[in-house]
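Worksheet: one structure, shown below.
Numbering (the UniProt record's numbering), first residue to last: 1 to 54.
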């Protein structure tokens with residue numbers, strides 16, 4: 001019979017690793033998304049201004 005604790009110990013490592021990966025990805029996205037949005041919006045503004053001026 002499968003013991004609850006051995007089962008837990010077996011999959012805790014993998015689960016913890018997956019959660020850590022998800023957490024790190026979330027933090028990475030949280031940090032990079034505003035910069036990406038700023039970059040995109042500034043690029044769009046530059047293109048828009050260029051189109052208006054020409």
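Glycine included, C-beta positions come from ideal geometry on N, C-alpha and C. None of the values given here were measured: they were computed from a predicted structure.
The beta carbon of residue 19 lies closer than 6 Å to none in the same chain, with the five residues before and after it left out. For residue 54, the secondary structure class from DSSP, reduced to helix, strand or coil, is coil. A direct Cα-to-Cα measurement between residue 28 and residue 38 gives close to 16 Å.
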